[in-house]
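In the numbering used here, the protein residues as written are 1 to 355.
Positions of the beta carbon are idealized from the N, C-alpha and C atoms, including for glycine.
Take a look at the structure set out below.
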């Protein structure tokens with residue numbers, strides 16, 4: 001049996017968009033649902049919290065938590081603090097979706113979950129939320145410029161897009177599936193890679209010998225240092241700031257794969273766009289994440305006017321097998337800077353469309 005409990009904010013009731021649609025999703029995945037409702041809360045935050053927690057205890061007093069193999073708490077604003085406090089006091093083990101938490105939320109040792117926060121939220125400063133989420137090992141999804149309702153006042157079109165994006169993330173968390181989404185510059189940070197494992201043990205690599213490609217023994221282990229992660233963050237931020245694409249693959253809210261494509265066209269008649277990076281965390285390889293990221297990169301590049309993706313690719317036999325499976329071939333025109341920077345990489349291309 002599965003149970004989802006919904007904890008509203010002071011003025012953000014369960015019929016408001018975030019909680020209304022997340023309840024629909026919970027029911028879609030066969031969760032029983034309970035919606036908490038508060039009455040007569042004080043305007044003082046601490047008093048309102050105490051009142052909301054007391055009313056929640058009454059509302060949930062008859063629940064036998066042991067009969068449920070999966071408990072999901074979905075909470076908004078002060079409800080995030082109520083949900084955490086209730087779970088801690090009553091020893092309820094649950095997964096959580098935290099919409100726009102407050103600083104008070106983190107005082108009650110939040111359990112596993114995913115956090116959604118807007119950089120325009122007047123009730124919670126972004127850097128504080130970043131810090132608290134990292135301390136609590138909670139993945140954070142940032143919605144640029146949005147307020148405490150994850151909305152941008154006066155921009156209905158963007159608000160509908162935000163709601164769709166947030167519900168896509170909510171659905172992936174409820175269903176325990178991978179969520180693919182485009183990343184904003186401000187959310188790309190070293191902490192995003194805390195659970196990402198670059199580690200790759202290589203035994204054989206592809207090399208061109210006498211004009212022919214062949215596999216040769218070349219054992220080494222590829223990994224990234226903290227400094228290399230910092231450099232990666234700088235590169236990905238630059239890609240976004242110059243109108244390129246950075247798309248992440250998230251599992252349970254945690255980054256497990258990413259791809260980047262630079263915005264500039266090059267190569268004359270080839271009309272290349274540079275697929276500058278694609279990686280999947282070691283613990284999630286072999287599950288189709290790389291293929292999905294590659295396809296999203298190609299689709300975006302095609303929309304931006306590219307005919308081909310250019311890939312300066314790691315020469316490990318396993319990596320090359322992936323690119324071959326995607327339909328990549330040796331590049332018709334080599335990019336000089338890539339060759340000079342990584343002389344042992346294989347210079348590949350992927351044809352997005354025929355003319």
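Asked, Found
"Span separating the alpha-carbon of residue 68 from that of residue 26", "14 angstroms"
"Distance, residue 159 Cα to residue 78 Cα", "22 angstroms"
"Three-state secondary structure assigned by DSSP to residue 348", "strand"
"First through last residue of the beta strand (DSSP E) which encompasses residue 258", "254-266"
"Per-residue DSSP class, three states only, for residue 240", "helix"
"Chain-order list of residues whose beta-carbon lies under 6 angstroms from that of residue 179 (same chain, five-residue window excluded)", "169, 172, 250"
"Boundaries (first-last residue) of the alpha helix (DSSP H) holding residue 46", "45-59"
"Buried or exposed (CB count within 10 angstroms, at least 16 for buried), residue 80", "buried"
"Pair within 8 angstroms by beta-carbon distance, residue 278 and residue 294", "yes"
"Burial state of residue 329 (16 or more Cβ within 10 Å)", "exposed"
"Burial state of residue 210, where buried means 16 or more other Cβ atoms lie within 10 Å", "exposed"
"Straight-line gap, residue 53 to residue 61 (C-alpha atoms, nearest Å)", "12 angstroms"
"First and last residue of the uninterrupted alpha helix (DSSP H) at residue 300", "289-303"
"Whole-angstrom C-beta distance between residue 233 and residue 240, which should lie under 8 angstroms", "Actually they are not in contact, since the Cβ atoms of residue 240 and residue 233 sit about 11 angstroms apart, beyond 8 angstroms."
"Pair within 8 angstroms by beta-carbon distance, residue 273 and residue 236", "no"
"Residues that residue 141 bridges to, as DSSP identifies them", "116"
"Other residues of its chain near residue 147: CB distance less than 8 angstroms, five sequence neighbours each side excluded", "118, 120, 121, 122, 153"
"8 angstroms Cβ cutoff met for residue 175 and residue 29", "yes"
"Alpha-carbon spacing of residue 357 relative to residue 39, whole angstroms", "What is shown of the chain runs 1 to 355, which leaves residue 357 out entirely."
"Contiguous alpha helix (DSSP H) assignments of at least 4 residues, all confined to the stretch 129-202", "156-175"
"Reference residue 49, options 229, 202, 76, closest by Cα", "76"
"N- and C-terminal bounds of the beta strand (DSSP E) containing residue 39", "Run containing residue 39: none; DSSP gives neither H nor E here."
"Residue 133 and residue 108 closer than 8 angstroms at C-beta", "no"
"Buried versus exposed, by CB contacts within 10 Å (16 or more), residue 94", "buried"
"C-beta atoms of residue 270 and residue 332 nearer than 8 angstroms", "yes"
"Cβ-based burial, residue 56 [other Cβ within 10 Å; buried from 16]", "buried"
"Element boundaries [alpha helix (DSSP H), containing residue 337]", "336-341"
"Residue burial classification, residue 307 (beta-carbon count within 10 angstroms, cutoff 16)", "buried"
"Chain-order list of residues whose beta-carbon lies under 6 angstroms from that of residue 187 (same chain, five-residue window excluded)", "142"
"Nearest to residue 19 (by Cα), restricted to the options 99, 203, 115, 337", "99"
"Spatially closest choice to residue 303 from 261, 21, 103, by CA coordinates", "261"
"8 angstroms Cβ cutoff met for residue 202 and residue 297", "no"
"CB contact flag (residue 116, residue 197, <8 angstroms)", "no"
"Residues near residue 193 by beta carbon distance below 7 angstroms, same chain, minus five either side", "229, 255"
"Residues of its chain near residue 243, where Cβ-Cβ distance is below 6 angstroms and the 5 sequence neighbours each way are ignored", "263"
"Within 8 angstroms, strictly: CB atoms of residue 72 and residue 31", "yes"
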